[in-house]
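Colleague:
Residue numbers (the working numbering), protein chains in the order written: chain L, 121 to 555; chain C, 160 to 344.
#1: Quick one: what's residue 373 (chain L) bridged to in DSSP?
#2: Going by DSSP, what residues sit across from residue 204 (chain L) in a beta bridge?
#3: Return the bridge partner residues of residue 226 (chain L) from the DSSP annotation.
#4: Between residue 329 (chain L) and the ligand NAD, is the CB less than 8 Å from at least one heavy atom?
#5: Give, in chain order, every unbroken run of the alpha helix (DSSP H) that is at least 4 residues long and sits entirely within the stretch 165-191 of chain L.
#6: Is residue 374 (chain L) near residue 364 (chain L), with beta carbons less than 9 Å apart?
#7: What are the start and end residues of the alpha helix (DSSP H) that includes residue 232 (chain C)?
#8: How far does the alpha helix (DSSP H) with residue 300 (chain L) in it reach, from first residue to last?
#9: Got a sec: is the Cβ-Cβ distance from residue 213 (chain L) to anything in chain C below 9 Å?
#10: Short of 7 Å in beta carbon distance, which residues of its chain neighbour residue 258 (chain C), apart from the five on each side in sequence? Order them along the chain.
#11: Counting only C-beta atoms, is residue 227 (chain C) closer than 9 Å to chain L at any point?
#12: Please state whether DSSP places residue 346 (chain L) in a helix, a strand or coil.
#13: Can the beta-carbon of residue 361 (chain L) be found closer than 9 Å to that of residue 430 (chain L)?
#14: Hey, is residue 183 (chain C)'s beta-carbon within less than 9 Å of any beta-carbon in chain L?
#15: Given that residue 299 (chain L) touches chain C, what residues does it touch there, using C-beta distances under 9 Å?
#16: Among L:215, L:483, L:378, which has the Cα closest to the Cα of residue 505 (chain L)?
#17: Is the stretch 466-474 of chain L touching the stretch 432-441 of chain L, taking contact as three or more C-beta pairs under 8 Å?
#18: By DSSP, does residue 318 (chain C) sit in helix, in strand, or in coil?
#19: Within its chain, find whatever has a CB closer than 7 Å to the CB of residue 310 (chain L); leave out the 5 residues flanking it on each side and keep chain order.
#20: Quick one: does residue 636 (chain L) have its CB under 9 Å from some CB of chain C?
#21: Three or more beta-carbon pairs under 8 Å between the stretch 478-492 of chain L and the stretch 404-423 of chain L, yes or no?
#22: Is the number of C-beta pairs between the stretch 174-184 of chain L and the stretch 226-236 of chain L that are closer than 8 Å three or more?
#23: When you compare only the Cα positions, how much space is there between residue 329 (chain L) and residue 316 (chain L)?
#24: Grouping DSSP H, G and I as helix and E and B as strand, with all else coil, what is residue 282 (chain C)?
#25: Determine the chain L residues that contact residue 337 (chain C) at a beta-carbon separation under 8 Å, and present them in chain order.
#26: Residues of chain C with CB closer than 8 Å to the CB of residue 186 (chain L), please, in chain order.
#27: Taking 9 Å as the CB-CB cut-off, is residue 291 (chain C) touching chain L?
#28: Three or more C-beta pairs under 8 Å: does that hold for the stretch 285-304 of chain C against the stretch 169-181 of chain C?
#29: Out of curiosity, what's the CA-to-CA distance linking residue 280 (chain C) and residue 242 (chain C)?
#30: Pull out every residue of the stretch 294-324 of chain L whose Cβ sits closer than 7 Å to any Cβ of chain C, in chain order.
#31: Roughly how many angstroms separate the alpha carbons of residue 244 (chain C) and residue 275 (chain C), rounded to a whole number?
#32: So, are the CB atoms of residue 232 (chain C) and residue 284 (chain C) less than 9 Å apart?
Structural data, given as structure tokens:
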């Protein structure tokens, strides 16, 4: 059904012709469409292109307005400038409300989106006229807060994206000013809710989840800095791994849901977590990283082991109704990281063995992705797998684990694992053919 | 989202209108809190040194560095952290306001200005008062950067009774600065 999304209009037309030719009944056609979140109206083409371009036009017009205002027309009296822009904000928003409430939702949302830009420009204009320089991130916060109810009330993905973009900018500038953006989850949770109730927007869904993850990292750093400043410790890596495992479990759970949008979100989230997981493995695959992690941790390794272990169990439980391969992947990752953090406390294995195991995990991730790519006709997973294997080979060729002999032994081990996987694959294919 | 002609629930209409009222309210509060010190505050002339940067949302401005932006630690009545809100009491008897005492609590009497600690060293605190940016059209801001460094520049600031400061105008050698574009050529 992945291809269906990209060729929705053609697919629905094809299905309609099957119904017209009597090959399938209309009910069967509708049942097929509902599996992919499509409807018969999709055959007529939809106005998303028009909506997208109009939204872009509104964005460009809004940026033009902010730049015109930035020119600082000090020849025009303060009051005239200010009242002019506030009046424009009011008129545009009221027009948006009128059009939206009259049933023209797309047009109404575009007006409200432009109204949101006018509102932000008004905040900045007042700051400019009265030379407000104290803590400028507050202006962006009030801008995002002013649009947030509209995004929730209209359940609009465009307005939610506008709010989330502003909230993320605010989170960054507030942090750069050494303040903690405590209100951020309010924005991300509302936009996450909009992405779940307002139809498919993987961009909004992923941005909400990833920005929440970023905020949690800021929270941990703020906590480690005694709630006064940001302070990074490598312990946060364990918490991120635990969160990543649970997100991966949640993604598999979503992929087994009946709703098409949830399935699509699950696929997007799973791929995103996979990329973050590969990045983590790549960082840990360098010689000396596990030793550094062991010596730099400030929390007890036992606590971190328990956190990662508990997250692994949660992740497997979440993915229980998915394929056996999902549970194997989550279990292998959970076991590897639990062992890794236990090793930081108890030194069961030398650090270099952990480095070898990390590189083998990269190879297993590559094999797993290639298998998934071929078995599920998933091009993204296939090329991710190939890229991971090539990246591992490239990194280990330049950054040797141990000396030349150590590096060569690692390559031989990887070659054996890859060949073993290939043989197992051929064995399974032949067994399936005989059945 | 497709066109839907059915009647809208009352909560949706009320919610959207309330949000528009909220936006207008935010703008009104921002405006009133900006002008309140100018209407009811006490004018003070603070010596300053300008230079010119750009804000992404608000255009060009002259960044003002005040003599009271650096406060020696020996007039502080305690140890302060970066980001902490503080109040600086000013002695208004001389030609220019002089810092007398830096405290975390609002002084009960005298002229004082509220600020925030931005940098801490063993010898001094660096403070921001929210009056460090004077917004101007780009050409005037560039002219100000060139011209004002040679003049003795002061900022006319209004202080409200709770220590909030509002920047009103720039003065060069005691007169309102001529920041016309020609003056910079």
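Positions of the beta carbon are idealized from the N, C-alpha and C atoms, including for glycine.
Modeller: Taking the definition as stated:
#1: Here residue 373 (chain L) refers to the residue found at position 253 of the first chain. Partner(s): none; residue 373 (chain L) has no beta bridge.
#2: Against the first chain, residue 204 (chain L) aligns to sequence position 84. Answer is none; residue 204 (chain L) lacks a bridge partner.
#3: As a working mapping, residue 226 (chain L) is identified with position 106 in the first chain. Note: residue 226 (chain L) is not bridge-paired with any residue in the DSSP secondary-structure output.
#4: Annotation note on the ligand NAD: not contained in the displayed structure, which lists no ligands.
#5: 168-190
#6: Stepping through the first chain from its first residue, residue 374 (chain L) is reached at position 254. Stepping through the first chain from its first residue, residue 364 (chain L) is reached at position 244. No. Outside cutoff.
#7: Taking the second chain and counting its residues from 1, one reaches residue 232 (chain C) at position 73. It is not in any alpha helix (DSSP H) - residue 232 (chain C) carries neither H nor E in the DSSP assignment.
#8: Position 180 of the first chain, counted from the start, is the residue given in the question as residue 300 (chain L). Taken as a continuous stretch (DSSP letters only), residue 300 (chain L) belongs to no alpha helix (DSSP H), as it is neither H nor E.
#9: By 1-based counting over the first chain, the position of residue 213 (chain L) is 93. Cβ-Cβ to chain C under 9 Å: yes for residue 213 (chain L).
#10: To locate residue 258 (chain C), count along the second chain from 1; it is residue 99. So the list reads 227, 230, 234, 247, 249, once near-sequence residues are dropped.
#11: Residue numbering aside, residue 227 (chain C) sits at position 68 when the second chain is read from its first letter. Cβ-Cβ to chain L under 9 Å: no for residue 227 (chain C).
#12: Here residue 346 (chain L) refers to the residue found at position 226 when the first chain is read from its first residue. If DSSP states are grouped into helix, strand and coil, residue 346 (chain L) belongs with coil.
#13: Here residue 361 (chain L) corresponds to residue number 241 of the first chain, with the count starting at 1. Here residue 430 (chain L) corresponds to residue number 310 of the first chain, with the count starting at 1. No, these two residues do not count as a Cβ contact at 9 Å.
#14: For the purposes of this step, residue 183 (chain C) is identified with residue 24 of the second chain, where counting begins at 1. Chain L, which has a Cβ nearer than 9 Å to the Cβ of residue 183 (chain C), makes this yes.
#15: Counted from its first residue, the first chain places residue 299 (chain L) at position 179. Residues of chain C passing the Cβ test: 242.
#16: Along the first chain, one-based indexing puts residue 505 (chain L) at 385. It is L:483.
#17: no
#18: In the second chain, counting from the first residue as 1, residue 318 (chain C) sits at position 159. Reduced to three states, the DSSP call for residue 318 (chain C) is strand.
#19: One-based indexing of the first chain puts residue 310 (chain L) at position 190. These residues qualify, in order along the chain: 268, 271, 272.
#20: This structure leaves residue 636 (chain L) out entirely; chain L is present only between 121 and 555.
#21: yes
#22: yes
#23: The residue given as residue 329 (chain L) occupies position 209 in the first chain. The residue given as residue 316 (chain L) occupies position 196 in the first chain. Each residue's alpha carbon lies about 12 Å from the other.
#24: Here residue 282 (chain C) refers to the residue found at position 123 of the second chain. The answer is coil: DSSP assigns residue 282 (chain C) none of H, G, I, E or B.
#25: In the second chain, the residue the question calls residue 337 (chain C) occupies position 178. Neighbours of residue 337 (chain C) on chain L: none; closest Cβ ~13 Å, over 8 Å.
#26: As a working mapping, residue 186 (chain L) is identified with position 66 in the first chain. Ordered by position in chain C, the residues that pass the 8 Å Cβ test against residue 186 (chain L) are 216.
#27: In the second chain, the residue the question calls residue 291 (chain C) occupies position 132. The beta carbon of residue 291 (chain C) falls within 9 Å of a beta carbon belonging to chain L, placing the residue at that interface.
#28: no
#29: Taking the second chain and counting its residues from 1, the one referred to as residue 280 (chain C) is at position 121. Taking the second chain and counting its residues from 1, the one referred to as residue 242 (chain C) is at position 83. Approximately 13 Å, taken between the alpha carbons.
#30: 298, 299
#31: For the purposes of this step, residue 244 (chain C) is identified with residue 85 of the second chain, where counting begins at 1. For the purposes of this step, residue 275 (chain C) is identified with residue 116 of the second chain, where counting begins at 1. Going from the Cα of residue 244 (chain C) to the Cα of residue 275 (chain C) covers about 5 Å.
#32: Here residue 232 (chain C) refers to the residue found at position 73 when the second chain is read from its first residue. Here residue 284 (chain C) refers to the residue found at position 125 when the second chain is read from its first residue. Result yes, Cβ atoms of residue 232 (chain C) and residue 284 (chain C) sit closer than 9 Å.
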